[in-house]
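First the structure, in the form of structure tokens, and then the observations on it.
Number of protein chains: 2
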Amino acid sequence: MQKFYVVGIGPGSPEQLTPQAREALAQADIIAGYGTYVKLVQPLFPEKEYLQTGMTGEVKRCQLALAQAQAGRTVAMISSGDAGVYGMAGLVLQLAAEICPEVEVVPVPGITAASSGAALLGAPLMHDFAVISLSDRLTPWEKIARRLKAAAEADFCLVLYNPRSHGRPELLARARQLIMEHKEGEQVGQTPVGIVKNIGRSGEQTIVTTLADLDEELVDMFSTVFIGNSQTYIQETPAGPKIVTPRGYLPQDNGEQA
Amino acid sequence: MQKFYVVGIGPGSPEQLTPQAREALAQADIIAGYGTYVKLVQPLFPEKEYLQTGMTGEVKRCQLALAQAQAGRTVAMISSGDAGVYGMAGLVLQLAAEICPEVEVVPVPGITAASSGAALLGAPLMHDFAVISLSDRLTPWEKIARRLKAAAEADFCLVLYNPRSHGRPELLARARQLIMEHKEGEQVGQTPVGIVKNIGRSGEQTIVTTLADLDEELVDMFSTVFIGNSQTYIQETPAGPKIVTPRGYLPQDNGEQA
Chain W
22 MQKFYVVGIG
32 PGSPEQLTPQ
42 AREALAQADI
52 IAGYGTYVKL
62 VQPLFPEKEY
72 LQTGMTGEVK
82 RCQLALAQAQ
92 AGRTVAMISS
102 GDAGVYGMAG
112 LVLQLAAEIC
122 PEVEVVPVPG
132 ITAASSGAAL
142 LGAPLMHDFA
152 VISLSDRLTP
162 WEKIARRLKA
172 AAEADFCLVL
182 YNPRSHGRPE
192 LLARARQLIM
202 EHKEGEQVGQ
212 TPVGIVKNIG
222 RSGEQTIVTT
232 LADLDEELVD
242 MFSTVFIGNS
252 QTYIQETPAG
262 PKIVTPRGYL
272 PQDNGEQA
Chain G
22 MQKFYVVGIG
32 PGSPEQLTPQ
42 AREALAQADI
52 IAGYGTYVKL
62 VQPLFPEKEY
72 LQTGMTGEVK
82 RCQLALAQAQ
92 AGRTVAMISS
102 GDAGVYGMAG
112 LVLQLAAEIC
122 PEVEVVPVPG
132 ITAASSGAAL
142 LGAPLMHDFA
152 VISLSDRLTP
162 WEKIARRLKA
172 AAEADFCLVL
182 YNPRSHGRPE
192 LLARARQLIM
202 EHKEGEQVGQ
212 TPVGIVKNIG
222 RSGEQTIVTT
232 LADLDEELVD
242 MFSTVFIGNS
252 QTYIQETPAG
262 PKIVTPRGYL
272 PQDNGEQA
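Each protein sequence line maps, in turn, to chains W and G. The numbering used here puts the first residue of the first sequence at 22, with every later residue one more than the last. The numbering used here puts the first residue of the second sequence at 22, with every later residue one more than the last.
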């Protein structure tokens, strides 16, 4: 059966590309993707044919790539992180049903920013968490706001993708405001916040702060933002401050932090 | 600086172990972990020294491993999936602060079941999602229930870890009931549900069903359960039924499904 791989390449470094993902790229006659991500894999497979499109040309990009599959070529469409988390796996499946239902779409998972960013910050996601994109390009803000409120009220840890997309710095400020209003407790402002930029690429940076002190200006479109639950705390370590969300293994996890 | 790696090995297959994780294991003098996971990496590094403990001996396992680090040895503690998602990264950081604050704890991310399972099911997590563990061993059921309700009301996609832990089959049934009561709409019973078992290991299996038809008896402790949002649908493909959550790229994503 003709295969169309939708490959999560992880944050960007070849060190975080799984052997399964690398093998899918090796099998492909043509690798399709947004220009920035194509540049990350091109050094690994310089001989391959590439199909590049702009950031917001997702439908066109998938249609062009599926036309290649229809013509009998093995295609790998890449997404950074995991193709199944705000990546291209869904759109490719949807369009394949119309364009070439005989082609088998094979999603290949990658390390998503929730995982790669959390590792750099310490262990912020050791308990239940919600992943929310702040981009209102495809989703009405009312829906995003409803999810932010619900997650804050139920004391989830939070991971915010696209915290400052399309030049809209106010989205993160509005999200922060909603979260602070809907979290319980007197210490809400002290909730740890981690910002991770350019994970696995040049310019990789982590910032550990709090909801009260969060400076939205430090967040850009290549950032992911982590917000703790009511038990999350900041721990000083030889490698700098880390964010830890306890899971309940230790007696002090279930009372006050020392 | 003395390093202690906390390594997410992914679902189990070497094909989903990142080069970064493999390198951390290669650097280690001793590899520590729960027996089932140790068996997954032992074939890759048969010469290494291993420190195995039982499933619920997490604190003891971390203390023993940290004592090795304190004695000057490089340790890699493994978790399946991502060590930062219901794995050992948090507990190691917490205990290191007491036992050997001079050791640098280095979390190495892995492919968590949300990603690896979603890929096998198609694209169920293309929009905002919540990750919840149903295990009430470390978390009061009231807290779990509160999060299930909030996630259902705010129309998150859901990923349930430990859906049937410690021989408690009723937890998933209770979760299903709560979710059905708190999701909006008349078609709640038709919400797609995916079950993935033994990801990346022998016995790998996927089941695509709905909230109304979910048979809890099919779910075991090695399963992960995915539940769609109000727009998620089941798509027939040459590789069987797949679960797709649209993100809003296509006109029909924002109206009724055809």
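Here a beta-carbon is modelled for each residue, glycine too, at the ideal position from N, C-alpha and C.
- Residue environment analysis places glutamate 68 of chain G among the exposed positions, since fewer than 16 neighbouring C-beta atoms fall within 10 angstroms of its C-beta.
- With its beta carbon less than 8 Å from one in chain W, phenylalanine 177 of chain G belongs to the interface.
- Annotation: Cβ neighbours of lysine 263 of chain G in chain W (cutoff 7 Å, chain order): Leu114.
- For glutamate 36 of chain W, same chain residues with a beta-carbon under 8 Å away, outside a window of 5 residues either side, are Gly221 in chain order.
- Taking the Cβ atoms as the reference, alanine 173 of chain W lies roughly 7 Å from leucine 199 of chain W, within the contact range of under 8 Å.
- Annotation: lysine 24 of chain G to threonine 230 of chain W spans about 25 Å, alpha carbon to alpha carbon.
- Using a 10 angstroms sphere on the CB of glutamate 119 of chain W, the tally of other CB atoms stays under 16, which defines it as exposed.
- DSSP places glutamine 89 of chain G outside any beta strand (DSSP E); the residue lies instead in the alpha helix (DSSP H), whose first and last residues are 79-91.
- Against chain G, the beta carbon of arginine 94 of chain W has no neighbour under 7 Å; the closest one sits roughly 17 Å away.
- Taking a C-beta cut-off of 7 Å against chain G, the contacting residues of the region 139-155 of chain W are Ala139, Ala140, Gly143, Ala144, Leu146, Met147, Asp149, Phe150, Ala151, Val152, Ile153, Ser154, listed in chain order.
- Between cysteine 178 of chain W and proline 184 of chain W, the alpha-carbon positions lie close to 16 Å from each other.
- In chain order, Asp149, Ala175, Phe177 make up the part of chain W whose C-beta sits under 7 Å from the C-beta of arginine 168 of chain G.
- With the rule of 3 Cβ pairs closer than 8 Å, the region 132-151 of chain W counts as touching the region 235-247 of chain W.
- With respect to chain G, the C-beta atom of glutamine 37 of chain W has a partner C-beta closer than 8 Å.
- In the structure shown, the three-state DSSP call for alanine 97 of chain W is strand.
- Residue nearest to glutamate 163 of chain G within the set G/Leu181, G/Leu146, G/Arg195 is G/Arg195 (criterion: CA-CA distance).
- Distance from the CA atom of glycine 215 of chain G to the CA atom of asparagine 275 of chain G, rounded to whole angstroms, is 23 Å.
- Counting along the chain, the unbroken alpha helix (DSSP H) around threonine 57 of chain G starts and ends at 56-62.
- The three-state reading of DSSP puts proline 130 of chain G in coil, since its state is none of H, G, I, E or B.
- Below the 8 Å Cβ cutoff, chain W contributes Leu114, Ala117, Ala118, Pro122, Glu125, Val126 as neighbours of threonine 258 of chain G, in chain order.
- According to the DSSP assignment, leucine 72 of chain W belongs to no alpha helix (DSSP H) but to the beta strand (DSSP E) extending over 70-74.
- By the 16-neighbour rule on beta-carbons within 10 angstroms, threonine 57 of chain W is exposed.
- In this chain, glutamine 115 of chain G is not harboured by any beta strand (DSSP E); it is covered by the alpha helix (DSSP H) spanning 110-120.
- Rounded to the nearest whole angstrom, the CA to CA distance from alanine 86 of chain W to tyrosine 270 of chain G is 16 Å.
- In the structure shown, proline 262 of chain W adopts extended strand secondary structure according to DSSP, grouped into three states.
- Using a Cβ distance threshold of 8 Å, leucine 232 of chain G and valine 209 of chain G count as a contacting pair.
- Interface annotation for the region 182-210 of chain W against chain G: empty, criterion Cβ-Cβ distance under 8 Å.
- In this structure, DSSP gives valine 106 of chain W a state outside helix and strand, which the three-state scheme calls coil.
- Of G/Ile132, G/Gly111, G/Asn219, G/Gly75, the smallest CA-CA separation from tyrosine 26 of chain G is found for G/Gly111.
- When Cβ-Cβ separations below 8 Å define contact, glutamine 41 of chain W makes contact with chain G.
- Taking C-beta atoms under 8 Å as the contact rule, aspartate 176 of chain W and isoleucine 153 of chain G fail to qualify, at a distance of about 12 Å.
- Excluding five sequence positions before and after valine 62 of chain G, the CB atoms of its chain that fall closer than 7 Å to its own CB belong to Ile30, Leu46, Ile52, Ile99, given in chain order.
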